[in-house]
Amino acid sequence: MPPRGVKKGTRRARQYEHIKDSATERGVSADRAEEIAARTVNKERARSGEARTASRSSTRDISSGRRGGLRSGTTRSKGQTKEQLYNQAKRLNVKGRSRMNKRQLLAAVNRKK
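Sequential numbering of the sequence shown, starting at 11, is according to the numbering used here.
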């Protein structure tokens with residue numbers, strides 16, 4: 011079932027089904043495939059202005075379709091972006107987070123968990 015706000019038969023509904031089917035074919039569980047598809051469709055809706063609200067990371071990050079290919083196979087560190095780590099540190103009330111680089115934020119967040 012596509013995310014709320016996505017009407018049946020629309021491009022986003024077809025995109026949702028395609029992503030869900032692809033994930034299932036790769037061996038992902040049905041629940042996880044639905045979650046991946048819904049998150050991807052919601053992010054694309056936010057990027058194109060179709061959604062009512064959009065997070066900063068949804069609108070400023072590269073598109074979901076390109077990110078997987080671009081971030082795989084590199085030697086640089088993977089995982090969350092610095093902005094995502096900063097927001098997580100903020101939720102965990104990490105002191106001095108504004109002066110930290112990505113590696114320091116990651117270590118601080120891991121210590122607080």
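Beta carbons are placed, not taken as given, at the ideal position from N, Cα and C, and that holds for glycine.
Please list the terminal residues of the continuous alpha helix (DSSP H) segment that includes residue i.
{"i": "V119", "result": "K112 to K122"}
{"i": "K92", "result": "K92 to R101"}
{"i": "V51", "result": "A40 to S58"}
{"i": "R66", "result": "R66 to R70"}
{"i": "T34", "result": "R21 to E35"}
How many whole angstroms separate the CB atoms of residue i and residue j, which I take to be in contact at a CB cut-off of 8 angstroms?
{"i": "E144", "j": "K30", "result": "One cannot answer for residue 144 here, as it falls past the ends of the chain, which runs 11 to 123."}
{"i": "A99", "j": "R109", "result": "Rounded, the Cβ-Cβ distance is 11 angstroms, inconsistent with contact."}
{"i": "K122", "j": "V104", "result": "6 angstroms"}
Within 10 angstroms of its Cβ, does residue i collect 16 or more other Cβ (buried), or is it exposed?
{"i": "R113", "result": "exposed"}
{"i": "A117", "result": "exposed"}
{"i": "L115", "result": "buried"}
{"i": "L102", "result": "exposed"}
{"i": "A61", "result": "buried"}
Return yes when the Cβ of residue j is within less than 8 angstroms of the Cβ of residue i, no when it is not.
{"i": "A33", "j": "I46", "result": "yes"}
{"i": "T91", "j": "S67", "result": "yes"}
{"i": "P12", "j": "R21", "result": "no"}
Looking at C-beta atoms only, is the number of pairs between the stretch 49-64 and the stretch 12-29 that lie closer than 8 angstroms three or more? Three or more beta-carbon pairs drawn from the stretch 49-64 and the stretch 12-29 are found closer than 8 angstroms, and the two stretches are therefore classed as touching.
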